[in-house]
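**Student:**
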């Protein structure tokens with residue numbers, strides 16, 4: 054299952070990026086108070102979700118083993134990895150359905166309900182893991198079925214909740230009609246963000262390949278340290294999702310001053326979550342590494358600490374990436390996130406090429422923080438260029 058992580062991030066991240074873009078259009082229509090357009094967008098999103106999920110699911114399911122071969126998955130675990138990834142990709146429509154429905158609910162101001170349903174589905178996932186793996190003896194496929202069923206349940210609960218609690222989102226036959234320009238606008242917001250997720254996945258694969266050459270001890274240490282960073286920065290993706298919805302709603306409502314004020318608050322929050330995440334990572338480092346590596350050796354602790362210290366120096370720019378990248382998407386400037394992803398990938402590759410041989414693992418540890426700094430500054434500048442230009446054309450607002 055571990056060998057499929059990068060591949061899953063590549064495909065599922067693409068699907069989730071599109072779903073996030075769709076949610077921005079809902080937020081803009083809701084902010085504008087146009088209920089007819091809102092329902093029409095929901096209808097179009099339903100159709101596009103089915104089409105996109107099939108386009109992504111069919112080839113990846115059919116050629117899953119070929120993709121695993123490209124990742125050099127060892128032959129002795131190839132069959133188990135393939136059994137797992139086939140089911141996950143086959144159930145991609147449920148993953149995408151939940152993310153789209155959660156985006157719709159956030160777009161109309163309800164961010165709590167999707168979380169509750171996801172928590173319920175996660176508990177169900179854990180229970181099914183035990184049942185299907187331990188008792189039914191389905192192996193890695195059982196873990197995949199547990200995940201897909203959990204996502205399907207959360208998607209169904211979101212659907213029922215939308216039907217019961219949000220009359221303004223209840224679509225009928227008259228909401229389904231051909232609208233090429235609207236489909237283009239939806240995809241124009243979703244596809245760049247989707248590519249950004251995929252580009253990030255490719256960058257992660259490049260860095261992992263550079264780390265792998267230093268041996269299993271370094272790989273284990275880096276993996277543990279990366280998981281600590283992932284845990285202590287979970288507020289950042291949430292901040293980004295909030296920014297996309299907030300900016301989309303206020304842009305649709307014409308409340309431009311609220312966008313400016315909100316982004317100032319967002320910048321302050323970036324400093325808080327960045328410094329807070331770094332402090333937690335460093336203060337609780339020994340305890341948290343023990344969560345991922347039983348009985349770590351001094352050598353292992355040293356390698357993990359080497360990466361953590363460097364990563365913590367640029368956590369605030371990492372928060373900028375999530376906040377301002379998503380804000381630009383909410384402001385219908387979806388090309389910016391994709392360009393930032395390209396810059397991040399290029400800078401990651403350049404750093405690895407420059408530092409890996411002369412400085413070894415110690416140099417490679419600087420890859421993430423340097424990329425975060427470069428990309429964070431870029432997207433920060435991009436937002437303020439937009440704001441300056443927008444203020445000049447909307448002086449009275």
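Residue numbers (my numbering): 54 to 450.
Here a beta-carbon is modelled for each residue, glycine too, at the ideal position from N, C-alpha and C.
Would you please state the rounded distance, in angstroms, between the beta carbons of residue 250 and residue 70? I believe it to be under 8 angstroms.
**Tutor:** At roughly 4 angstroms, the Cβ-Cβ gap stays under 8 angstroms, so residue 250 and residue 70 are in contact.
**Student:** For residue 437, count the other beta carbons within 10 Å of its own beta carbon; 16 or more makes it buried, fewer makes it exposed. Which is it?
**Tutor:** Residue 437 is exposed by the Cβ-count criterion.
**Student:** Figure out for me which residue from 353, 388, 325 and 160 has the closest Cα to the Cα of residue 274.
**Tutor:** The shortest C-alpha separation from residue 274 is found at 353.
**Student:** Measuring straight from C-alpha to C-alpha, what distance separates residue 434 and residue 412?
**Tutor:** Residue 434 and residue 412: Cα-Cα distance of roughly 31 angstroms.
**Student:** Within 8 angstroms, do at least three Cβ pairs link the segment 215 to 222 to the segment 354 to 362?
**Tutor:** These segments do not touch.
**Student:** So the alpha helix (DSSP H) residue 108 belongs to, where does it begin and stop?
**Tutor:** 88 to 115 is the span of the alpha helix (DSSP H), which, as asked, contains residue 108.
**Student:** Where do the N-terminal and C-terminal ends of the alpha helix (DSSP H) with residue 394 fall, by residue?
**Tutor:** Residue 394 -> alpha helix (DSSP H) spans 388 to 417.
**Student:** Where does the unbroken alpha helix (DSSP H) through residue 148 begin, and where does it stop?
**Tutor:** Unbroken alpha helix (DSSP H) run through residue 148: 145 to 160.
**Student:** DSSP state of residue 346, grouped into three classes?
**Tutor:** Coil, per DSSP.
**Student:** Reducing DSSP to helix, strand and coil, say where residue 498 ends up.
**Tutor:** Here the chain comprises residues numbered 54 to 450, so residue 498 is not present and cannot be evaluated.
**Student:** So is residue 207 buried or exposed if we call it buried at 16+ other beta carbons inside 10 Å?
**Tutor:** That one is buried.
**Student:** Counting pairs of beta carbons, one from the segment 106 to 119 and one from the segment 176 to 196, are three or more of them closer than 8 angstroms?
**Tutor:** Verdict: no, contact absent.
**Student:** Excluding sequence positions up to five away, which residues of its chain have a Cβ less than 6 angstroms from the Cβ of residue 229?
**Tutor:** 96.
**Student:** Three-state secondary structure (DSSP) at residue 163?
**Tutor:** In the structure shown, residue 163 sits in coil (DSSP, three-state: anything other than H, G, I, E or B).
**Student:** Give the DSSP-derived three-state secondary structure of residue 136 in the structure shown.
**Tutor:** Residue 136: helix per DSSP, three-state reduction.
**Student:** Per DSSP, what kind of secondary structure is residue 81 in: helix, strand or coil?
**Tutor:** Helix.
**Student:** Assuming residue 277 and residue 346 form a contact by the criterion Cβ under 8 angstroms, report the distance between their Cβ atoms to the nearest whole angstrom.
**Tutor:** Indeed they touch by this definition, with Cβ atoms about 5 angstroms apart.
**Student:** How many angstroms separate the CA atom of residue 380 from the CA atom of residue 268?
**Tutor:** The straight-line gap from Cα to Cα measures roughly 40 angstroms.
**Student:** Is the beta carbon of residue 74 closer than 8 angstroms to that of residue 316?
**Tutor:** Taking 8 angstroms as the Cβ cut-off, residue 316 and residue 74 do not qualify as a contacting pair.
**Student:** Can you tell me where the alpha helix (DSSP H) holding residue 191 begins and where it ends?
**Tutor:** Unbroken run through residue 191: none, as it is neither H nor E.
**Student:** Does the segment 332 to 346 come into contact with the segment 108 to 116, if we say contact requires no fewer than three beta-carbon pairs (one atom in each stretch) closer than 8 angstroms?
**Tutor:** Counting Cβ pairs under 8 angstroms, fewer than three are found: no touch.
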